[in-house]
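Heads up: the structure comes next, in structure tokens.
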Amino acid sequence: MSNAPLLRANEITKTFATGGGLAGSKKTITAVDRASFTVGYSENVVLLGESGCGKSTLGKLTLGLLRPDLGSVEFEGRDIWTLNWREFSEFRRNAQIVHQDPYTSLNPVRTIYQSLAPAMIQNKVTSARDAYDKVRELLTLVGLTPPEDFLDRYPARMSGGQMQRVVLARSVSLRPKFVVADEAVSMLDASLRLGAIDLMLDLQQQFKMSYLFITHDFGIARYFILKSKGKIVVMYLGSLVEIGDGDSVIQKPVHPYTRILMEATPVPDPKVARQKPIPKLRSLEVPRLEETPSGCKFHTRCPYAIDRCSTDVPQLKEVGTKLVACHLAERFS
Amino acid sequence: MSLRDPETRRPILQVRGLTVEFRVPRGILRAVDNLDLDVYDNEVLGLVGESGCGKSVLAHSILKVVDPNGYIAGGKILFGDKDVLNLNKRELRKYRWQDVSVIFQGAFNSLNPVMKVFEHMVDTTLAHENRSKKEISERSGELLQMVRLDSSAVMDRYPHELSGGMKQRVVAAMAMLLRPRLLILDEPFSALDMLTQKFFLKILVDIRKQTESSMIFITHDLAPVAEIADRVAVMYCGVVVEASDVDDIFYRPRHPYTRALLSSIPSIVGDINDLKPVPGPLPDPVNPPPGCGFHPRCPYAIDVCTRDRPEPERAEKGSLVACHRWREIN
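Quick note, the sequences are listed as chains A and F, same order. Under our numbering, the first residue of the first sequence is numbered 1, with each subsequent residue one higher. Under our numbering, the first residue of the second sequence is numbered 1001, with each subsequent residue one higher.
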């Protein structure tokens, strides 16, 4: 095997057409705009961004669930869209997803055993004869004990937290190398979120896969990254604006967007919270996706924007140990 | 923000022994269980709890708009001298929106797509009060400014021309139209992005300062509560397990559930090694645990907790705690 990382996104762009109905003309939305990043073997990458910034689309592109309009996605050094059928299904086995909503991720008319076993048998992770034991093992591993209680249950008879454990078990059942966790803990209640993250990291210890952990929550991102090491990728309106080692992005964010996002995150401490000033923003309105601003997409809200920001698109460039897409990055580092 | 002596303050809303049940296929779901709660004049009460704890049902009950498969099985709700559960249709109509208004979860999707913002304002006002268009326009303009919208521009727009955050602020302005004394906000942040949330929170603080109305701020997330609330009520299994002023909740939590919840919230500050998940699953509301609802997950649970339900006890500064062992574990 070459020195290629596990996954490499090369300048990928994905656009969607909207409208064109009765009420007006067709428009295109650029959900992901020339995004490049890598995920190493057993590495964790947190993709941080607000709703509508394109982070789920980016996740789906890395899994081959969507095909980029431009650019390429390479898995172990090979463009996934040039693979033949057999190779592509091998890639699919290796790249799994955990969806946001555990309630809709499981087939309601299948028992837990029926949800997990067929794929494992089909992909020869286990023989049909051993499948029962293998599924039991897996359920024990995700803390659904005793497993016999759960094997023949239907999802309707489980709580959200339990269902999410089944979904996590399923995500590792084929021994993948890469798992995209798309807001995997957001739907869970506050008291259950940390448990789910801890479980994901335990599974990683065991199976050595990489996570692309997608979240909008700075607190969750921080917990995940400080517990596990890895890097953070920050996304705004389809563009990657800051990429860096997790610790350093959390301790010293450089891009104004990352910094404002962090400032805006509420702190569960009344004294600190009451004194926190409201982040300085030029505009409160999130630009519509059909009309993304020229130049730096954040310039309409950025308190530091200069003339150049509205005309020139900033490229990701090295600033200290990070990659930052901001004309004024040096000033902030 | 100094709290007046809680002993002498007069509540504007008193909930006493409220029980709300729902008929579900598996049996009877008791969403709110013999619950007591006070809301005082000019205060923001944070009502915090996880999904299924009954916090939204409580809000619906305060407005007497419980879903058709549910019913209020017992208890009293007093707003001033009004006995809310016994109001007739006419009186209820006055009570809703004029005394108590509400911004429900996802309320920004509840604007009528074929009505302009101003028409919403007119409709809402005329349903309750007789006012001229000029008066309504002045009042709306004032309120839209208060939520930091450009009133002249927004008034003639249709909802689809506004962003999610703008719609949310329009709804907030509408809720204040008739000068209610109590505003209930049920998860007002869900589906708003972080920067919009932060800003909306600041607007709420402003509204409160200017109108001196009270607010019940319902959320599953403790962090924004720290910023806006004067007092916090924590719900679990249909019961308020602790109600204290906001500093006590965060710095001196008394109930084991409050403590557990606080130490399970990842934040942008603090040592992550101090964080730990709350063990065990959420209770099944159709089959809640006997005794104290939290006992299966509580590190301090003893025999009595599995048998007897703890009654709320008064602690310092007017706090209430429902736990058999709160004195010894603190």
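C-beta atoms are modelled at their ideal positions from N, C-alpha and C, and glycine is treated no differently. All figures in this text were calculated on a predicted structure; none of them were measured in a lab.
Exercise. Threonine 57(A) by DSSP, collapsed to three states: which one?
Worked result: helix
For this session: Count the other C-beta atoms from every protein chain shown that fall within 10 angstroms of the C-beta of serine 1101(F), then say buried if there are 16 or more, exposed otherwise.
Result: buried
Problem set entry | Residues bridged to aspartate 1186(F) (per DSSP) | Ile1218(F)
Exercise. So which residues of chain A does alanine 1260(F) contact, with C-beta pairs closer than 9 Å?
Worked result: Ser191
Problem set entry | Local Cβ density within 10 Å of tryptophan 85(A), reported as buried at 16 or more and exposed below that | exposed
Exercise. Which residues does DSSP pair with alanine 9(A) in a beta bridge?
Worked result: Phe37(A) and Val73(A)
Problem set entry | Euclidean distance between Cα positions of proline 1346(F) and valine 1239(F) | One cannot answer for residue 1346(F) here, as it falls past the ends of chain F, which runs 1001 to 1330.
Exercise. Rounded to a whole number of angstroms, what is the C-alpha to C-alpha distance between serine 333(A) and lysine 322(A)?
Worked result: 10 Å
Exercise. Does any CB atom of chain A fall closer than 8 Å to the CB of serine 1319(F)?
Worked result: no
Problem set entry | CA nearest to the CA of valine 313(A), picked from Thr18(A), Asp33(A) and Glu290(A) | Asp33(A)
For this session: Closer than 7 Å by C-beta to arginine 1208(F): which residues in its own chain qualify, once you throw out the five before and the five after it? Chain order, please.
Result: Val1044 and Met1215
Problem set entry | Inter-stretch contact at 8 Å, needing at least 3 Cβ pairs: the segment 1073-1087 of chain F / the segment 1139-1149 of chain F | no
For this session: Consult DSSP for threonine 126(A) and reduce its assignment to one of helix, strand or coil.
Result: coil
For this session: Measure from the C-beta of leucine 1003(F) to each C-beta in chain A and report whether the shortest distance is under 8 Å.
Result: With a pLDDT of only 44 at leucine 1003(F), under the threshold of 50, the placement of this residue in the model should not be trusted, and no figure is reported.
Problem set entry | Distance between tyrosine 211(A) and valine 180(A) (C-alpha atoms, nearest Å) | 6 Å
For this session: Could you tell me the boundaries of the beta strand (DSSP E) in which alanine 95(A) lies?
Result: 95-98
Problem set entry | Near-chain A residues of the segment 1207-1237 of chain F - C-beta to any C-beta below 9 Å | His1220, Asp1221, Leu1222, Ala1223, Pro1224, Val1225, Ala1226, Glu1227, Ile1228 and Ala1229
Problem set entry | Simplified DSSP assignment, three categories, for aspartate 1284(F) | coil
For this session: Within the segment 151-228 of chain A, note down every full beta strand (DSSP E) run reaching 3 residues or more, in order along the chain.
Result: 178-182 and 210-215
Exercise. By DSSP, does tyrosine 113(A) sit in helix, in strand, or in coil?
Worked result: helix
Problem set entry | Interface residues of the segment 257-286 of chain A facing chain F [CB-CB below 7 Å] | Ile260, Leu261, Met262, Ala264, Thr265, Pro266, Val267, Pro268, Asp269, Pro270, Ala273, Arg274, Ile278, Pro279, Leu281, Leu284, Glu285 and Val286
Problem set entry | Contact set between phenylalanine 1199(F) and chain A, taken where Cβ atoms lie within less than 9 Å | Ala264, Ile278, Pro279, Leu281 and Leu284
For this session: Counting only the same chain and skipping the five closest in sequence on each side, list residues whose C-beta sits under 7 Å from that of leucine 1003(F).
Result: At leucine 1003(F), the pLDDT of 44 sits below 50, so the modelled position is not reliable; the number obtained from the coordinates is stated separately. Asp1230 and Asp1245.
Problem set entry | DSSP three-state assignment for asparagine 1331(F), whether helix, strand or coil | What the structure shows of chain F is the stretch from 1001 to 1330, and residue 1331(F) is not part of that stretch, so it cannot be assessed.
Exercise. Cα separation between leucine 168(A) and valine 241(A)?
Worked result: 30 Å
Problem set entry | chain F contact for leucine 201(A) (CB, 8 Å cutoff) | no
Exercise. Lysine 322(A) lies in the beta strand (DSSP E); which residues open and close that run?
Worked result: 322-324
For this session: Report the rounded CA-to-CA distance for glutamine 162(A) versus proline 1281(F), giving the unit in angstroms.
Result: 8 Å
Problem set entry | Assigned secondary structure, glutamate 1138(F) (DSSP; H/G/I helix, E/B strand, else coil) | helix
For this session: Rounded to whole angstroms, what's the CA-CA distance from aspartate 149(A) to aspartate 133(A)? Just pull it up for me.
Result: 14 Å
Problem set entry | Alpha-carbon spacing of methionine 1001(F) relative to aspartate 1206(F), whole angstroms | Low confidence applies here, because methionine 1001(F) scores a pLDDT of 36, under 50, leaving its location unreliable; read the following figure in that light. Taking the straight line joining both Cα atoms gives about 14 Å.
For this session: Could you confirm whether any beta carbon from chain F is found closer than 8 Å to the beta carbon of glutamine 162(A)?
Result: yes
For this session: Could you please give me the residues that DSSP links to lysine 1082(F) through a beta bridge?
Result: Phe1079(F)
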